[in-house]
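**Student:**
In the numbering used here, the protein residues as written are 2 to 191.
#1: Does the pairing of the region 62-79 with the region 34-43 give three or more beta-carbon distances under 8 Å?
#2: Which of helix, strand or coil does DSSP assign to residue 64?
#3: For residue 13 and residue 41, I'd like the C-alpha separation in whole angstroms.
#4: Could you check what DSSP says for residue 187 in three-state terms: helix, strand or coil?
#5: Just to confirm, are residue 126 and residue 149 a CB contact at a threshold of 8 Å?
#6: Would you call the CB atoms of residue 137 and residue 59 closer than 8 Å?
#7: Taking 8 Å as the threshold (C-beta atoms), are residue 133 and residue 78 in contact?
#8: Are residue 94 and residue 175 closer than 8 Å when you measure CB to CB?
#9: Report yes if the CB atom of residue 72 is closer than 8 Å to the CB atom of residue 54, and no otherwise.
#10: Out of curiosity, what's the CA-to-CA distance linking residue 29 and residue 80?
#11: Just to confirm the assignment, what range does the alpha helix (DSSP H) spanning residue 84 have?
#12: How about residue 57 and residue 3: do their beta carbons lie closer than 8 Å?
#13: What span of residues does the alpha helix (DSSP H) with residue 40 cover, start to end?
#14: So is residue 177 buried or exposed if we call it buried at 16+ other beta carbons inside 10 Å?
#15: Beta-carbon within less than 6 Å of residue 98's beta-carbon, same chain only, minus the 5 sequence neighbours each way: which residues are those?
#16: Which residues in the same chain as residue 143 place their Cβ atom closer than 7 Å to its Cβ, once the five residues preceding and following it in sequence are excluded?
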């Protein structure tokens with residue numbers, strides 16, 4: 002579900018209730034899930050109002066998890082240090098960074114990390130021809146990270162940027178970014 006953000010006209014609570022009802026009816030969600038969804042949509046919409054990113058709320062029916070996904074386009078390329086900082090943030094354990102290629106964005110990386118004992122997150126980074134495309138999904142209960150990430154990657158495979166070829170920019174070496182040999186184990190203790 003895409004959140005309207007600043008484009009919403011009217012009462013956010015009324016929009017959230019209507020959107021929750023429509024999704025609950027389409028997905029066969031219980032009344033408890035419907036109420037939870039409406040509350041989650043209100044909170045997500047409030048944070049999306051001042052955000053230029055596109056915000057999506059994912060649902061994993063197996064675990065009952067609602068996962069916020071933020072998609073952001075930056076009109077410049079990140080330098081190498083910024084790329085590493087985004088994919089390799091401080092965490093309890095070293096992030097699991099892997100390659101991901103989509104037809105519309107080209108070759109990129111995903112970084113899955115454990116934020117604490119109960120929650121995790123996934124970040125995606127693509128840098129096609131002069132721009133940077135980020136996606137971030139957090140916080141998500143650890144047990145639901147993988148199914149929610151699969152749903153997020155299904156969405157990422159549909160992303161196209163008008164006027165931008167899906168070829169990695171010269172300053173983006175996704176294969177090199179998946180390997181971090183310059184950090185010792187102490188860097189992962191937050």
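All C-beta atoms, glycine included, are put in the ideal place defined by N, C-alpha and C.
**Tutor:** Judging by the given coordinates:
#1: Taking one beta carbon from each stretch, the region 62-79 and the region 34-43 have 3 or more pairs nearer than 8 Å; the two touch.
#2: If DSSP states are grouped into helix, strand and coil, residue 64 belongs with coil.
#3: 12 Å
#4: Note on residue 187: pLDDT 44, under 50, position unreliable in the model; the coordinate value appears next. The answer is helix: DSSP assigns residue 187 an H, G or I state.
#5: no
#6: The answer is no: Cβ separation not under 8 Å.
#7: Yes.
#8: no
#9: yes
#10: 46 Å
#11: 81-88
#12: yes
#13: The continuous alpha helix (DSSP H) containing residue 40 extends over residues 32-49.
#14: exposed
#15: 88, 110, 112, 179
#16: 115, 119, 120, 121
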